[in-house]
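Okay, structure first, notes after.
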Amino acid sequence: MPSTPSARMVLVDIRAALPSLPPSEQRVARAILADPVGVAGWSMHRLAAEGETSTTTVVRFYRRLGYSRHQDLRLDLTREVTRETFAHAGGAAASGDIDRDDLLSDIVAKVARKEALSISDTAEALDLDALSRAVAVVAAARRVDLFGVGASAFVGLDLQQKLVRIGRTALTWSDPHSAWTSAVVLDSSCVAVGVSHTGTTASTVRFLSLAARAGATTIAISNHADAPVAHAADIVLTTAARESRFRPGALGSRIAQLMVADCLFTAVAQASYDRSITALGQTYAAVRGEPADA
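All residue numbers for the sequence shown refer to UniProt numbering, where the first residue is 1 and numbers rise by one.
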């Protein structure tokens, strides 16, 4: 966690820290995420009561985020909620989740808002230095292997297909055993990309660990920079996804991961601009059934 949290990103920081927090602090974090507007006006005693914990735990929690006073946390919550309200005027409430009595129009508005905020928060939080290093190693790689489980597998497949379209050698694996056997035969000219929203998917962590042991450069795309998958990677690209109580880890996370993958692909394509434009033209013609020299 940063020592001086950004007012704009405090909710992103809380979501990112959530899996690694002690249970008592997790309850405080969930209370804030459930109603940041309300919590901004609560006393420390009220927040402790809502989190079913003590004021001492609340103090530990906000200090973990880099705050010295509870009032500073409340002020940053107010600022971030205000920013979101103006940035997405007309949408559902910032703290709104899908409720039992929501109309279909409410569901559309809330899903759209969560996914839009997942993208905008990820763009704000994405480490450009890490992205630049990822672009450089992918652009220079002899081969890129990608692996993820569940919704993350689709993100790996999407990036693999895009890289192939610009003439890069890229492989994606849907089976952990296949992924692991590919990882152990990589070398220093290769890159392995592991995608995991939680950062705790054991098979993805093992994929990156085996690839690193073989000498490949490893990249993790995850919502949590302090998760096992991040510790197994040379380069970490973090998302800032927001999830609904329905399909957690597969709605906002997928959109945020795709956004990061698209940034990586686009920058790699730009690094060899003429070659990429030519390859895209050739592959476009191929799927349209046009002659190769058209």
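Idealized CB from N, CA, C, for every residue including glycine.
- Between Leu21 and Glu80, the C-beta gap is not smaller than 8 Å, which leaves the two residues out of contact.
- Distance from the CA atom of Thr283 to the CA atom of Arg165, rounded to whole angstroms, is 6 Å.
- With a threshold of 16 other beta carbon atoms within 10 Å, Gln160 meets it and is buried.
- Around the CB of Ile14, 16 or more other CB atoms lie within 10 Å, so the residue is classed as buried.
- Arg275 and Leu103 have their C-alpha atoms roughly 49 Å apart.
- Of the candidates Ser54, Leu280, Ser174, the residue whose Cα lies closest to the Cα of Gly156 is Ser174.
- In the DSSP assignment, Trp173 is bridged to Phe147.
- Only exposed fits Asp129, as fewer than 16 other CB atoms lie within 10 angstroms of its CB.
- Per DSSP, the continuous beta strand (DSSP E) segment holding Ser222 begins and ends at 217-222.
- Per DSSP, Val236 is one residue of the beta strand (DSSP E) stretching across 235-238.
- A direct Cα-Cα distance of roughly 23 Å separates Lys162 from Val185.
- Looking at the DSSP output, Ala31 sits in no beta bridge, so it has no partner there.
- Under the three-state reduction of DSSP output, Val184 falls in the coil class, being neither helix nor strand.
- In the three-state DSSP reduction, Ala232 falls in the coil class, being neither helix nor strand.
- By the CB criterion at 8 Å, Ala192 and Asp262 fall outside the cutoff.
- DSSP places Ala192 within a strand segment (E or B) once states are collapsed to three.
- Ala153 and Asp127 have their C-alpha atoms some 23 Å from each other.
- The beta carbon of Ala16 sits closer than 6 Å to those of His224, all from its chain and outside the five residues before and after it, given in chain order.
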